[in-house]
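*Asks:* Have a look at the structure that comes next, please.
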Amino acid sequence: SGDICMQDAIAIIYYLYRDGRPIPCPDAADADRSGALDTADIVLILRHLFHGATIPDCPISCGQDDEGYYPE
3 SGDICMQDAI AIIYYLYRDG RPIPCPDAAD ADRSGALDTA DIVLILRHLF
53 HGATIPDCPI SCGQDDEGYY PE
């Protein structure tokens, strides 16, 4: 959605530890911009939500086409 919320952390948990469901935008989910989805991303998102930690800002590509849709 463009907003950081609890669901973002939960989606990463499901991706890593539950059923491997796909992340709609892996670049955005990589909250610490390390190049990998891992528990550090979950922790940073939670620290951002509950303590105001800063999430690095950089260009993020989600694979959208010109009309804002994701290719299948």
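Going by this note's numbering, the residue at position 50 of the sequence shown is 52; the numbering climbs one at a time, nothing skipped. All C-beta atoms, glycine included, are put in the ideal place defined by N, C-alpha and C. In this text the structure is predicted, and so the values were computed from the model without any measurement.
Considering just the uninterrupted stretch of the alpha helix (DSSP H) at D29, what are its terminal residues?
*Replies:* As a position in the sequence shown, residue 29 is number 27, starting the count at 1. D29 -> alpha helix (DSSP H) spans 28-31.
*Asks:* Measure from the alpha carbon of T41 to the alpha carbon of each residue in C7, I6, A11, then state which is nearest.
*Replies:* For the purposes of this step, residue 41 is taken as residue 39 along the sequence shown, with counting starting at 1. Checking every option, the nearest Cα to that of T41 belongs to A11.
*Asks:* Rounded to whole angstroms, how far is the Cβ of D43 from the Cβ of D32, which I believe are closer than 8 Å?
*Replies:* Within the sequence shown, numbered from 1, the residue matching residue 43 stands at position 41. Within the sequence shown, numbered from 1, the residue matching residue 32 stands at position 30. Going by Cβ atoms, the distance from D43 to D32 rounds to 6 Å, so yes, they are a contact pair.
*Asks:* Is DSSP giving T41 helix, strand or coil here?
*Replies:* Against the sequence shown, residue 41 aligns to sequence position 39. Helix, per DSSP.
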